[in-house]
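Residue numbers (our numbering): 237 to 590. Encoded as structure tokens, the structure appears first; notes follow it.
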């Protein structure tokens with residue numbers, strides 16, 4: 237009997253030892269998971285940009301490639317659905333920190349009452365690149381007026397292309413049959429002769445157009461530069477070097493461009509999200525010179541960090557950074573010249589935004 241009791245006690249002791257060991261190992265594993273999760277999620281900045289293949293998505297990818305090297309940030313580019321939807325996502329979609337949108341989108345949202353108090357809830361960190369209005373048409377379309385009454389894809393609803401195309405056709409007095417197609421589907425329909433043209437607003441040179449191997453008569457069309465149009469947009473051009481297969485004329489194709497901005501929610505100063513955005517600002521502005529290399533998109537070399545954006549207010553942390561820099565240092569690595577035909581100024585702007 238005594239031996240049985242001793243054996244039972246020994247078994248219990250062994251079981252307790254094993255249980256304690258397993259519990260300790262589980263606690264250690266839980267701690268490792270917690271620490272890893274905390275480390276991986278620290279410094280994450282989610283940027284929603286344009287659709288797949290867009291220049292703005294390439295810009296966001298460049299930000300990830302350069303700023304991730306710091307070690308204290310992890311930039312996650314996200315494929316977006318256009319400027320209007322990007323504003324909605326920045327305002328309401330959980331986890332979105334920044335977005336790239338066209339300058340005219342804020343006014344469009346306000347005029348169409350899509351959201352309220354948007355100008356008070358959003359801020360811009362910096363003006364980015366200009367995006368050109370590309371109008372690709374059939375061979376029989378030789379002038380902008382030839383599109384009257386014709387089916388034309390202006391891009392998905394709420395996209396930057398749709399916003400700019402609607403403004404352009406209305407301003408120039410040409411009524412078309414607007415179709416809300418994405419540019420990939422629209423190109424197939426254009427090649428099949430089902431539509432007369434497609435509009436795609438993106439930064440040149442755009443891979444989408446350069447990758448059209450056999451245009452079959454498709455060509456980029458000039459847009460009349462009416463004063464009313466240029467009150468909102470900047471003059472621009474597309475030439476043979478940009479698109480060898482789509483621009484045969486030695487003269488450049490006239491068009492217009494719209495600026496893009498890097499927008500952020502107007503977080504309360506001192507809050508966790510504000511500090512996270514401020515850390516990103518410091519990284520972007522401080523490492524901007526690394527984005528000007530030949531390995532990055534050529535649009536980076538159009539950007540002036542100090543340029544103001546009409547109708548927008550700059551994010552406080554961004555303005556504080558600019559105010560702390562001598563004027564000559566505000567645009568590290570940029571050429572000492574002003575903009576060309578796209579309207580993007582490379583000269584430091586004086587003062588803050590609105």
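Virtual Cβ for every residue (Gly too), placed ideally from N, Cα, C. Only a predicted model underlies this, so the values are computations on that prediction, with no experimental measurement involved.
Residue i and residue j closer than 8 Å at C-beta
i: residue 367; j: residue 493; result: yes
i: residue 399; j: residue 497; result: no
i: residue 391; j: residue 419; result: yes
i: residue 527; j: residue 302; result: yes
i: residue 456; j: residue 372; result: yes
i: residue 453; j: residue 375; result: yes
i: residue 284; j: residue 350; result: no
i: residue 347; j: residue 327; result: no
i: residue 312; j: residue 499; result: no
Residue i beta carbon near the ligand NAD (any heavy atom closer than 7 Å)
i: residue 377; result: You won't find the ligand NAD in this model; it holds no ligand whatsoever.
Counted within 10 angstroms of its Cβ, other Cβ atoms place residue i as buried (16 or more) or exposed
i: residue 486; result: exposed
i: residue 546; result: exposed
i: residue 525; result: exposed
i: residue 469; result: buried
i: residue 330; result: exposed
i: residue 288; result: exposed
i: residue 441; result: buried
i: residue 459; result: buried
Backbone CA spacing between residue i and residue j [nearest angstrom]
i: residue 437; j: residue 338; result: 10 Å
i: residue 540; j: residue 520; result: 12 Å
i: residue 417; j: residue 444; result: 15 Å
i: residue 295; j: residue 342; result: 20 Å
i: residue 281; j: residue 434; result: 34 Å
i: residue 515; j: residue 314; result: 20 Å
i: residue 502; j: residue 307; result: 26 Å
i: residue 471; j: residue 556; result: 32 Å
i: residue 383; j: residue 305; result: 48 Å
i: residue 298; j: residue 533; result: 8 Å
i: residue 386; j: residue 428; result: 15 Å
i: residue 531; j: residue 263; result: 46 Å
i: residue 410; j: residue 431; result: 16 Å
i: residue 450; j: residue 484; result: 14 Å
i: residue 480; j: residue 377; result: 19 Å
Cross-strand partners of residue i (DSSP beta bridge)
i: residue 368; result: 438 and 493
i: residue 470; result: 493
i: residue 355; result: Answer is none; residue 355 lacks a bridge partner.
i: residue 550; result: 360
i: residue 311; result: 281
i: residue 500; result: 334 and 359
i: residue 342; result: Looking at the DSSP assignment, residue 342 forms no beta bridge with any residue, so it has no partner.
For a minimum of 4 consecutive residues, which ranges assigned as the alpha helix (DSSP H) are wholly contained in the segment 403-439? 419-427
Can you give, in chain order, each stretch of the alpha helix (DSSP H) that sits fully within the segment 280-305 and has at least 4 residues? 291-303
At 3 residues or longer, what runs of the beta strand (DSSP E) sit wholly inside the segment 376-400? 387-389
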